[in-house]
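Worksheet: the structure to be examined is printed underneath.
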Amino acid sequence: GATTEVHGTDREKIREIEKRAQAADLKLIPAVIKHLGTDKSFEIIKNMRDYLVERIDIMTDTIVEEIIVKDGQAVGVVTEKGEEYYGEYIVVAPGREGAKWFKKEADRLGIKTKNNAVDIGVRVEIPAVVMEDITDVVYESKFIYHSKSFDDRVRTFCMNPYGMVVVENHDGIKTVNGHSYKDIKTENTNFAILVSKEFTEPFNRPIEYGRYIAELANMLGDGVIIQRLGDLLSGRRSTPKRIKRGLVEPTLKDATPGDLSLVLPYRFLQSIIEMLQALDKVSPGVYSKHTLLYGVEVKFYSSRVELTDKLETQIRNLFAAGDGAGITRGLAQASVSGVVVAREILERVK
1 GATTEVHGTD
11 REKIREIEKR
21 AQAADLKLIP
31 AVIKHLGTDK
41 SFEIIKNMRD
51 YLVERIDIMT
61 DTIVEEIIVK
71 DGQAVGVVTE
81 KGEEYYGEYI
91 VVAPGREGAK
101 WFKKEADRLG
111 IKTKNNAVDI
121 GVRVEIPAVV
131 MEDITDVVYE
141 SKFIYHSKSF
151 DDRVRTFCMN
161 PYGMVVVENH
171 DGIKTVNGHS
181 YKDIKTENTN
191 FAILVSKEFT
201 EPFNRPIEYG
211 RYIAELANML
221 GDGVIIQRLG
231 DLLSGRRSTP
241 KRIKRGLVEP
251 TLKDATPGDL
261 SLVLPYRFLQ
271 SIIEMLQALD
281 KVSPGVYSKH
291 TLLYGVEVKF
301 YSSRVELTDK
311 LETQIRNLFA
321 AGDGAGITRG
331 LAQASVSGVV
341 VAREILERVK
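Structure (structure tokens):
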């Protein structure tokens, strides 16, 4: 059910964008992609499920409590209801929502893990016309920047031309995200700016750190906070009146006008501002006082499980895939990791 339309194939136009980016100390990561859209993705996933449901048992609303290991080999799982299910191969793909659980299980089972960088930032919303010359070519532009103040890695993520800003709920904590439909379009484009910070010993709780920042935003704004860039730079909170008279109409209507400087550490905030300034050199209008910032956006994939090149853990027949295992950062890469695991298992059962 996927579209045949492909973005990111016009090398001449991409080279022109790359030249503009390099002049602004940005690196463009070009990629050939298909935009499915939130609405179309639902249909495609439903088609996949309809195909699978006749061939396998799919159990929703079933929470796995523990992985069963015998003689150094994974053999099954135990649910929160105490039910046991056994299999020759166990694949763990818990997603970002299950990252905390998987880290706990890895520690219990003695599986080595290491901390990934913590990714914390904001969701930016601008008029779609500002970046139209870029999004029309590559659809989702991925830019990487290193802040001059701290040399921290900053990147754009999950760009949604003509899209909508939405709220995510992570186990009771509200964070911000964005999506776009295939057939429904708004006048705005949104994208995340994420700052990556690697911590050193003795700190080993990156997921909890990200949750703490998100909880602080929830405490101050009763959910997601929205602020005009101009208000942030002027050292004042945004108000409903200031938001209303701005040139960008927010697509997330229930965000609370507030002050993100009370939430984000200075190091993160400074890097975000520098990134906006750099993007403005590529797409004039990004660094406008009317640009909307929503906070916070946090990615919970901060513990990376030690795996082989076939994505098997040190426990035999226990594989891990996707963002929840800390090895990917996005839907496309997570999907590919699942294919890697599936191919390895098929080779073994031949």
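Residue 221 in UniProt numbering is what sits at position 221 of the sequence shown, and the numbering runs on without skipping anything. Every residue gets a Cβ at the ideal spot worked out from N, C-alpha and C, and that includes glycine. This structure is a prediction, so every number in the text was calculated from the model and none was measured.
Annotation for ILE144: the continuous beta strand (DSSP E) segment containing it runs 143 to 146.
Here ASP119 carries a strand assignment [DSSP, helix/strand/coil]. Of ASN116, LEU293, VAL166 and THR313, the smallest CA-CA separation from ARG153 is found for ASN116.
Take GLU249, set aside five residues on each side of it, and the residues of its chain with a beta-carbon closer than 8 Å to its own are GLU187 and ASN188, in chain order.
Leaving aside the five residues that flank THR239 on each side, the residues in its chain whose CB is nearer than 6 Å to its CB run, in chain order, PRO257.
Annotation for ILE63: no beta strand (DSSP E) segment contains it, and DSSP assigns it neither H nor E. Under the three-state reduction of DSSP output, MET59 falls in the coil class, being neither helix nor strand. With the rule of 3 Cβ pairs closer than 8 Å, the region 87 to 99 counts as touching the region 324 to 332. DSSP, reduced to helix, strand and coil, places ASN204 outside both helices and strands of the structure shown, so it counts as coil.
Sixteen is the threshold: since fewer than 16 other Cβ atoms of the shown chains lie within 10 Å of the Cβ of SER149, the residue is exposed. Taking C-beta atoms under 8 Å as the contact rule, LEU262 and LEU220 qualify, at a distance of about 6 Å.
Shown here for ALA31: same chain residues with a beta carbon closer than 8 Å to its own, the five before and five after excluded, namely GLY8, VAL138, GLU140 and LYS142 in chain order. According to DSSP, PRO257 shares a beta bridge with ILE226. For ALA192, the enclosing beta strand (DSSP E) covers residues 188 to 197. In the structure shown, VAL339 falls within a helical segment according to DSSP collapsed to helix, strand and coil.
Note that the C-beta distance between TYR162 and ALA128 is below 8 Å. Relative to HIS146, the option among LEU279, ARG316 and ARG348 whose CA is nearest is LEU279. For PHE42, the enclosing alpha helix (DSSP H) starts and ends at 38 to 53. Spanning the alpha carbons of ARG245 and GLY178 requires a straight line of approximately 23 Å. Every candidate beta strand (DSSP E) stretch fails here, since none sits fully inside the region 271 to 298 while reaching 3 residues.
DSSP places GLU105 within a helical segment (H, G or I) once states are collapsed to three. In the three-state scheme derived from DSSP, where H, G and I count as helix and E and B as strand, LYS27 is classed as strand. Looking at LEU229, THR135, GLU66 and THR79, the one whose alpha-carbon comes closest to that of ILE14 is THR135. For the 8 Å CB-CB criterion, GLU97 and THR79 do not form a contact.
Taken through DSSP and simplified to helix, strand or coil, VAL137 comes out as helix. Between ILE207 and the set GLU43, LYS81 and PHE300, the nearest pair of CA atoms involves PHE300. Assignment of ILE126 by DSSP, reduced to helix, strand and coil, places it in the strand class. Sixteen is the threshold: when 16 or more other Cβ atoms of the shown chains lie within 10 Å of the Cβ of GLY37, as they do, the residue is buried. For LYS241, the enclosing alpha helix (DSSP H) covers residues 240 to 244. With respect to the C-alpha of GLY1, the residue from ILE29, LYS27 and ASP39 having the closest C-alpha is ASP39.
In the DSSP secondary-structure assignment, GLY76 is bridged to ILE68 and TYR86.
For PHE319, the enclosing beta strand (DSSP E) has its first and last residue at 318 to 320. Bounds of the beta strand (DSSP E) holding VAL154 are 153 to 160.
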